[in-house]
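All remarks here apply to the structure that follows.
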Amino acid sequence: MTAPREIDTGLDGFRWWPGALDAAAQAALLAEVLRAVELSPFYRPVTPGGRPFSVRMTNLGPLGWVSDRDGYRYQPTHPETDAPWPPIPETLLDLWRDLTGWPEPPDACLVNLYREAAKMGLHQDRDEADLNAPVLSVSLGDTAIFRVGPAAGGPTKSIRLASGDVCALTGPARLARHGIDRLLPGSSGLIPGGGRINLTLRRAGPSSRQS
Ligand code: MD3
Ligand code: FE
0 MTAPREIDTG LDGFRWWPGA LDAAAQAALL AEVLRAVELS PFYRPVTPGG RPFSVRMTNL
60 GPLGWVSDRD GYRYQPTHPE TDAPWPPIPE TLLDLWRDLT GWPEPPDACL VNLYREAAKM
120 GLHQDRDEAD LNAPVLSVSL GDTAIFRVGP AAGGPTKSIR LASGDVCALT GPARLARHGI
180 DRLLPGSSGL IPGGGRINLT LRRAGPSSRQ S
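Counting in numbering that gives the first Met the number 0, the sequence shown runs from 0 upward without gaps.
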């Protein structure tokens with residue numbers, strides 16, 4: 000791909016490439032993801048406290064992030080079908096390599112489906128073995144109001160993540176607090192049935208450079 004334009008967010012380590020994927024690339028990626036989801040359907044996880052998420056989830060790759068009464072973890076199979084997660088599309092592996100430069104490929108891709116009223120509270124991502132590895136996020140469909148702030152707490156900043164935007168969370172931003180306040184419903188017609196899909200690529204298991 001041609002190098003996308005990067006915007007300075009003012010948050011050290013938070014890298015943002017608005018419109019990194021053009022309309023054709025978004026449609027092609029969505030088709031690949033929806034094909035995988037036929038085998039590995041979206042489901043609604045519950046928090047360890049038993050509250051259902053408003054976001055529906057599935058995963059791609061050797062490991063997938065799940066949440067249930069036992070807690071948060073990565074596991075190799077879908078919690079409802081017990082089948083292995085489908086592979087991560089080549090397009091996403093290429094994007095990870097081009098934009099993060101990380102020496103190892105991602106081993107987990109969480110697929111979040113936000114219908115109209117879904118949101119995600121402020122949290123940190125710390126269930127991965129190597130918290131130095133970056134996280135790469137791809138947004139498809141309706142624009143989301145994304146909130147992000149320092150790991151230690153303090154003022155947060157609101158950013159609109161639109162369809163085709165890609166962001167990388169690296170170094171000092173890796174443990175940033177972040178969440179999705181709400182969608183702007185109808186801002187994109189990309190997702191059948193409406194809403195937004197976010198793909199989050201991660202290194203979940205230990206890297207071969209550690210251990
Ligand atoms: C900032 N997902 O799945 S992606 C998640 O849009 C999650 O579905 C949101 O937060 C979504 O955990 C946000 C952007 C993102 C992903 C990981 C991050 C931002 C991040 C990790 C650290 C800091
Ligand atoms: Fe997160």
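Here a beta-carbon is modelled for each residue, glycine too, at the ideal position from N, C-alpha and C.
Exercise. According to the neighbour-count rule (16 or more other Cβ atoms, all chains shown, within 10 Å of its Cβ), is ARG159 buried or exposed?
Worked result: An exposed status is given to ARG159, since fewer than 16 other beta-carbon atoms sit within 10 Å of its beta-carbon.
Exercise. Span of the alpha helix (DSSP H) holding ALA214?
Worked result: No information on residue 214 is available, as it lies outside the stretch 0 to 210 that the chain covers here.
Exercise. In the structure shown, what three-state DSSP assignment does ASP93 receive?
Worked result: In the displayed model, ASP93 falls within a helix according to three-state DSSP.
Exercise. Taking 7 Å as the cut-off, is the CB of THR169 close to at least one heavy atom of ligand 1?
Worked result: Not one heavy atom of ligand 1 lies closer than 7 Å to the C-beta of THR169.
Exercise. On the three-state DSSP scale, how would you describe ALA172?
Worked result: Here ALA172 sits in helix by DSSP.
Exercise. Any idea which residues DSSP pairs GLN74 with across the strands?
Worked result: As DSSP reads the structure, GLN74 sits in a beta bridge with GLY63.
Problem set entry | Straight-line gap, GLY63 to THR90 (C-alpha atoms, nearest Å) | C-alpha separation (whole angstroms): 18 Å.
Problem set entry | Assigned secondary structure, LEU130 (DSSP; H/G/I helix, E/B strand, else coil) | Three-state result, LEU130: coil.
For this session: Return the residue from the list ALA151, GLY152, ARG181, ALA132 that minimises the CA-CA distance to THR199.
Result: THR199 has its Cα closest to that of ALA132, out of ALA151, GLY152, ARG181, ALA132.
Problem set entry | ILE190 versus MET56 - alpha carbon distance | About 15 Å.
For this session: Going by CA-CA distance only, name the one from VAL110, ASP93, CYS108 that's closest to PRO102.
Result: Comparing Cα positions, the closest option is ASP93.
Exercise. When we look at the beta-carbon of THR169 and count the other beta-carbons within 10 Å, is it buried (16 or more) or exposed?
Worked result: By the beta-carbon neighbour count (other beta carbons within 10 angstroms, threshold 16), THR169 is buried.
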